[in-house]
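Undergrad: Take this structure, written in structure tokens, and hold onto it; I'll ask about it next.
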Amino acid sequence: MTDTPINVLLFGAGGRMGRHLFRIISGEGHRCLEVEARQDPDVRGALDEHLLKASMVIDFSSPEGTTLLLERLLVRPVPCVIGTTGLTAAHHEALDVLAERVPLICASNFSVGLNLLLSLTAQAAGALAPESFDVEIVEAHHRHKKDAPSGSAQVLVASVETGRASSAGRASSAGRARKPDPVLFHGPGMTDGRPTGSIGVAAVRGGDVVGEHTVFFLGDGERIELSHRATDRVIFANGAWRAAMWLLGQQPGRYTMKNVLGL
Ligand SMILES: NC(=O)c1ccc[n+]([C@@H]2O[C@H](COP(=O)([O-])OP(=O)(O)OC[C@H]3O[C@@H](n4cnc5c(N)ncnc54)[C@H](OP(=O)(O)O)[C@@H]3O)[C@@H](O)[C@H]2O)c1
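Shown next, in the form of structure tokens:
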């Protein structure tokens, strides 16, 4: 946290998330530096100029936008919060290199509730045997979302795998090691059965749905559903700003929302 006004380079400031962040950041008396990337013929020059003055970078743009931003950040490192989803392995490699020089957080979902859902999912997956409980993850988002399945659905898959691995680790000392489970991405129509232990993911797109994720643990005669529903995008902006304030003063490295929220 800082009471002293800082300069924040807000990349994607004109978008749905960017507008929320602009209000939060300027409302607290800090200064937003914006880049009109589409209009500015010298976007690299504009980014470099802002990076010299910025104490923090917040990015909610697009994978192409993040590519450009990371290229400049690797030349002029500044602590950063990356919220753009649909990033590739190349983005994550660049983030790993950048994290050797500055503290950063890249998260597909900055809400407190979704991050709690990740922990609860790992806990449930560790307690429910994959031979007895099929796992299906269903996510829904607005019609404009470009990537599918959502980054949060993919992190939920990782939480299921983490929970199962920790329980398999305990069980393997009793002689029951497990192989990683296949992940099924369901498109339109239905699947032809499902292998035991697989994790299904389905995406729904339409209307103005802000973001919903449900993890089903489906057994014979009973089921558990863990759900998170975002009804206002401002929760992501608040979480991203909380992460930015937390990052100030941290050592270089890659952090997660678990670190920020102390989960
Ligand atoms: N991590 C989270 O918690 C979270 C939550 C919500 C959304 N998101 C993600 O955040 C990103 C933005 O979401 P949104 O709903 O705000 O999208 P949006 O309304 O489409 O806004 C994106 C903004 O980024 C700018 N932009 C896109 N590509 C660019 C590029 N190559 N160079 C420079 N600027 C570029 C756009 O400029 P133009 O208008 O000129 O195209 C626009 O201002 C998406 O990846 C979304 O999935 C993450």
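Quick note on numbering: the sequence shown equals residues 25 to 287 in my numbering.
Ideal placement from N, C-alpha and C gives every residue a C-beta, glycine not left out.
#1: Please report the distance separating the alpha-carbon of R43 from that of V162.
#2: On the criterion of 16 or more Cβ atoms from any shown chain inside 10 Å, does L141 qualify as buried, or is it exposed?
#3: Under 8 angstroms: do the segment 250 to 269 and the segment 114 to 121 share three or more Cβ pairs, one atom per stretch?
#4: Tell me A164's beta-bridge partners as DSSP assigns them.
#5: By Cβ distance, which residues of its chain are closer than 6 angstroms to H54, with the 5 residues on each side in sequence left out?
#6: Looking at R68 and ligand 1, is the gap between the Cβ and the nearest heavy atom below 7 angstroms?
#7: Excluding the 5 residues flanking I259 on each side, which residues of the same chain have their C-beta closer than 6 angstroms to its C-beta?
#8: Since L256 and V234 should fall inside the 8 angstroms C-beta cutoff, what is the C-beta to C-beta distance between them, to a whole number of angstroms?
#9: Excluding the 5 residues preceding and the 5 following Q282 in the sequence, name in chain order all residues of the same chain whose CB lies nearer than 7 angstroms to its CB.
#10: Mapping DSSP to helix, strand and coil, what is E185?
#11: Grab me the residues of S183's own chain with a C-beta within less than 6 angstroms of its C-beta, minus the 5 sequence neighbours each way, in chain order.
#12: Could you pull out every residue in the same chain whose Cβ sits closer than 8 angstroms to the Cβ of G217, ignoring the five residues on either side in sequence?
#13: What's the call for H168, buried or exposed, on a 16-neighbour Cβ count within 10 Å?
#14: D72 by DSSP, collapsed to three states: which one?
#15: Take G199 and list the residues in its own chain whose beta-carbon comes closer than 8 angstroms to its own, dropping the five residues that flank it on each side.
#16: Do V159 and F209 count as a contact pair if the criterion is CB distance below 8 angstroms?
#17: Around the Cβ of G230, are there at least 16 other Cβ atoms within 10 angstroms (buried) or fewer (exposed)?
#18: Taking H237 as the reference, which of S176, Q63, E124 has the closest Cα?
#19: When the Cα of P173 is compared with those of G286, L111, L122, which residue comes out closest?
#20: Does the beta carbon of G243 fall short of 7 angstroms from some heavy atom of ligand 1?
#21: Could you spell out where the beta strand (DSSP E) holding H252 opens and where it closes?
#22: Can you give, in chain order, each stretch of the beta strand (DSSP E) that sits fully within the segment 104 to 174 and has at least 3 residues?
#23: Which class does L180 belong to by DSSP, given the choice of helix, strand or coil?
#24: Please determine, among S79, V225, E60, A153, the residue with the shortest C-alpha to C-alpha distance to S191.
#25: Could you say which of G51, V179, L34 lies nearest to D27 if we only look at CA atoms?
#26: Ignore the nearest five residues each way along the sequence and tell me which others in A254's own chain have a CB closer than 8 angstroms to its CB.
#27: For S132, which residues from the same chain have a beta carbon less than 6 angstroms from its beta carbon, with the 5 sequence-adjacent residues on both sides left out?
TA: Answer, in terms of the structure:
#1: 28 angstroms
#2: buried
#3: no
#4: V228, E236
#5: P29, I30, V32
#6: no
#7: S135
#8: It is worth fixing the name first, because residue 256 is Asp in this sequence and not Leu. 7 angstroms between Cβ atoms; contact.
#9: In the sequence as presented, Gln is not what sits at residue 282; that position holds Lys. Only N139 meet the Cβ criterion.
#10: helix
#11: L142, T145, A146
#12: none
#13: exposed
#14: helix
#15: Since pLDDT at G199 reaches only 46, below the 50 mark, its modelled position is unreliable, and the value read off the structure follows with that caveat. Hits under 8 angstroms: none found.
#16: no
#17: exposed
#18: S176
#19: L111
#20: no
#21: 247 to 254
#22: 104 to 106, 127 to 130, 158 to 165
#23: helix
#24: A153
#25: G51
#26: S135, G137, L138, V234, G235, E236, F260
#27: T109, G175, S176, V179
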